[in-house]
Ligand code: ADP
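In the numbering used here, the protein residues as written are 803 to 976.
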């Protein structure tokens, strides 16, 4: 059987899945990094819908259409900015993954692709972030058979290698 959690290298804007996740900021009005790439590829209709949402709190998520993207939906989640670990960053990051998957389930999505939330300009340490992501996704999938497959879409080799390590550790029961 195909594994339900997969790590791939690629550009999330090109994935034809039910939902891609956007590592957004709290305004939901676009930004740099993966957020900018998603808005550019989806077209101005995405920003127009985002304006109607009136922002989003860190760790929560909101869903929109995918417009010109091959994905049907975009799930927007503002990840935590890393301040050293004493401001609830780890719990907030886990909450991002959980909130996105709950929205995916509620909207009938079977395939969901995530970028590496918070590890770009928000500076969350990659080794910690990848373990939190894989653990949270795995725990969610165990109770939710309606989601068939979740992929981490990694933009660079270092990110891919961190998520592959985190997944291997989980599978080895470490
Ligand atoms: P954050 O503000 O949450 O840190 P960033 O967009 O700065 O978000 O970075 C999150 C991750 O997304 C980084 O690993 C970055 O390399 C990656 N990224 C940037 N563009 C894309 C893309 N088109 N597809 C997938 N990942 C991307």
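Every residue, glycine too, gets a C-beta built ideally from N, C-alpha and C. Treat the numbers as computed from the prediction; the structure is a model and nothing was measured.
Residue i, buried or exposed, once every other Cβ within 10 Å from all chains shown has been counted against 16
i	result
residue 830	buried
residue 956	buried
residue 909	exposed
residue 863	buried
residue 809	buried
residue 828	exposed
residue 853	exposed
residue 929	exposed
residue 962	buried
residue 891	buried
residue 944	exposed
residue 868	buried
DSSP-derived helix/strand/coil call for residue i
i	result
residue 880	strand
residue 921	coil
residue 898	helix
residue 906	helix
residue 951	strand
residue 929	helix
residue 826	strand
residue 816	helix
residue 935	helix
residue 964	helix
residue 821	strand
Residue i versus residue j - alpha carbon distance
i	j	result
residue 872	residue 817	6 Å
residue 947	residue 914	13 Å
residue 857	residue 970	36 Å
residue 880	residue 825	6 Å
residue 845	residue 838	11 Å
residue 883	residue 900	18 Å
residue 840	residue 811	16 Å
residue 807	residue 855	30 Å
residue 950	residue 893	25 Å
residue 931	residue 833	21 Å
residue 870	residue 921	26 Å
residue 805	residue 859	32 Å
Whole-number beta carbon distance between residue j and residue i, since they are thought to touch under 8 Å
i	j	result
residue 942	residue 903	5 Å
residue 895	residue 865	Actually they do not touch by this definition, with Cβ atoms about 19 Å apart.
residue 937	residue 972	7 Å
residue 906	residue 877	6 Å
residue 923	residue 835	6 Å
residue 911	residue 821	4 Å
residue 823	residue 916	5 Å
Test: residue i CB closer than 7 Å to a CB of chain C
i	result
residue 906	This model lacks chain C altogether; it includes just one protein chain.
Please give me, in chain order, every unbroken run of the beta strand (DSSP E) with length at least 3 that falls completely inside the region 832 to 884. Every unbroken stretch of the beta strand (DSSP E) spanning 3 or more residues and falling wholly within the region 832 to 884 is given here in chain order: 864 to 867 and 875 to 880.
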